[in-house]
Amino acid sequence: MNARHRVTIPVPIDPSGSRGPTKRQAASDDWRRTSRGFYVPSHVEPSPLQRVAEVAVLLRSDRIAVTGWAALAWRGDPWASGRRADGSLTPVDLTSTHALLKPQPAFRLSQERADPREFEVVDGLRVTTAPAAVCFAVRHATSLDAAVEVLDMAYLADLVTPEEVGEWARAHPWQRRRPRVAAALELADENAWSPQEVHLRLAWLRATGRRPLTNRPVFDSSGRHVATPDLLDPVTGVAGEYDGDVHLTRAGRRRDLGREQALRAVGLEPFTVVAGDLRDGRFEERLRVAEGRAARVASADRRWTVEPPDWWVPTFTVADRRALSPHERRIWLRRG
Numbered sequence: 003m004n005a006r007h008r009v010t011i012p013v014p015i016d017p018s019g020s021r022g023p024t025k026r027q028a029a030s031d032d033w034r035r036t037s038r039g040f041y042v043p044s045h046v047e048p049s050p051l052q053r054v055a056e057v058a059v060l061l062r063s064d065r066i067a068v069t070g071w072a073a074l075a076w077r078g079d080p081w082a083s084g085r086r087a088d089g090s091l092t093p094v095d096l097t098s099t100h101a102l103l104k105p106q107p108a109f110r111l112s113q114e115r116a117d118p119r120e121f122e123v124v125d126g127l128r129v130t131t132a133p134a135a136v137c138f139a140v141r142h143a144t145s146l147d148a149a150v151e152v153l154d155m156a157y158l159a160d161l162v163t164p165e166e167v168g169e170w171a172r173a174h175p176w177q178r179r180r181p182r183v184a185a186a187l188e189l190a191d192e193n194a195w196s197p198q199e200v201h202l203r204l205a206w207l208r209a210t211g212r213r214p215l216t217n218r219p220v221f222d223s224s225g226r227h228v229a230t231p232d233l234l235d236p237v238t239g240v241a242g243e244y245d246g247d248v249h250l251t252r253a254g255r256r257r258d259l260g261r262e263q264a265l266r267a268v269g270l271e272p273f274t275v276v277a278g279d280l281r282d283g284r285f286e287e288r289l290r291v292a293e294g295r296a297a298r299v300a301s302a303d304r305r306w307t308v309e310p311p312d313w314w315v316p317t318f319t320v321a322d323r324r325a326l327s328p329h330e331r332r333i334w335l336r337r338g
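Have a look at this one:
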């Protein structure tokens, strides 16, 4: 496995203690059992990638591959955490052409028959293609909103395009829960930057019937970049920001106040959402208040546009970002 994943490969019991723990050592607090017969030092944290690696040592057959959230994490999606909304862990998803594997708590073997042509070896691990992994995760998500989050974060990691996902779904009409993929594609967005933004956007759509723009740069009448709000309704001139923990620092709050001032200076009306607001109804209240203030802004004071100047390089889609050179990515994909 590639060193970039920084995982610890589980080892079996070794009577000599040179390549693995002895039976007595394995029973101590110094080692953690990952599966039947395999161990890692107890200080090794079960991160998403580590959990994938701990299952990978069990895959002796080329007829089995990792899929779903685990394959996405291995391919570089940092938001594929393998956790449910309540924080509990989900098993590593596996798919097989017809091989059998004795059940263990660490993994979940799908009963769906896999196509071996969709298996690829990525950094030493056999995984399904990115579209197959995304569609598996979307189809098995706990809700439509959770499915949209999966898709948006796969877009953020530039692992798939909407066209690639749609093509895979059309080529596999027999797959269970396939309508979930179509529904998620309809609601997903290629330019969301965090799961919190995804759920804020979906709540906004349900509350107003309008779909806000995601992370769309705002410019003044001279073409100067003003700010890039999390969400923007170009019809009402309301900008929504989700404030996570990073915004609680003094420096973070100073930046936020500067952004709010800059947006108001060109005639936009920003409002802020924090954790919990989407659950207790405060989001809708803040949105209505912001829309009321925005409606009172005179037309002459609306000196903003989302049309970028000629020198601006758009990065709104996966295709846009894939086309960037490494140097351009460093310049244009700085988010914050």
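Just so you know, we're using the working numbering here: the sequence shown kicks off at 3 and counts up by one.
Quick reminder that beta carbons are idealized off the backbone N, C-alpha and C, glycines included.
Measure the alpha-carbon distance for residue i versus residue j and round it to whole angstroms.
i      : j      : result
VAL240 : PRO181 : 33 Å
ALA82  : ARG53  : 12 Å
ASP279 : PHE285 : 5 Å
ILE11  : VAL123 : 17 Å
PRO48  : GLY242 : 35 Å
GLY22  : ALA139 : 34 Å
ARG256 : SER327 : 33 Å
PRO316 : PRO175 : 34 Å
VAL268 : CYS137 : 41 Å
GLU56  : GLN106 : 12 Å
GLU199 : LEU207 : 12 Å
ARG281 : VAL46  : 35 Å
ASP88  : ASP258 : 29 Å
THR210 : LYS104 : 50 Å
Under 7 Å between the Cβ atoms of residue i and residue j?
i      : j      : result
VAL162 : PRO197 : no
LEU335 : TRP306 : no
ARG128 : THR99  : no
VAL194 : THR216 : The displayed chain sequence assigns Ala, not Val, to residue 194. Contact flag set, yes.
PHE273 : ARG290 : no
ASP191 : ARG212 : no
ASP160 : ARG332 : no
ALA185 : LEU158 : no
SER44  : TRP33  : yes
PRO118 : GLY225 : no
ALA171 : THR238 : no
Could you check what DSSP says for residue i in three-state terms: helix, strand or coil?
i      : result
PHE221 : strand
GLN263 : helix
ASP16  : coil
SER49  : coil
ARG141 : helix
ALA241 : strand
ASP64  : coil
TRP33  : strand
GLN27  : helix
GLN198 : helix
VAL124 : strand
PRO236 : coil
VAL94  : strand
HIS227 : strand
The segment 63–79 in contact with the segment 95–103 per 3-pair CB rule at 8 Å: yes
Looking at C-beta atoms only, is the number of pairs between the segment 190–205 and the segment 137–154 that lie closer than 8 Å three or more? yes
Would you check if there are 3 or more beta carbon pairs closer than 8 Å linking the segment 77–91 to the segment 19–33? no
Ordered list of alpha helix (DSSP H) runs contained in the segment 64–90, each at least 4 residues: 70–77
Runs of beta strand (DSSP E) lying entirely within the segment 271–329, each at least 3 residues, in chain order: 271–276
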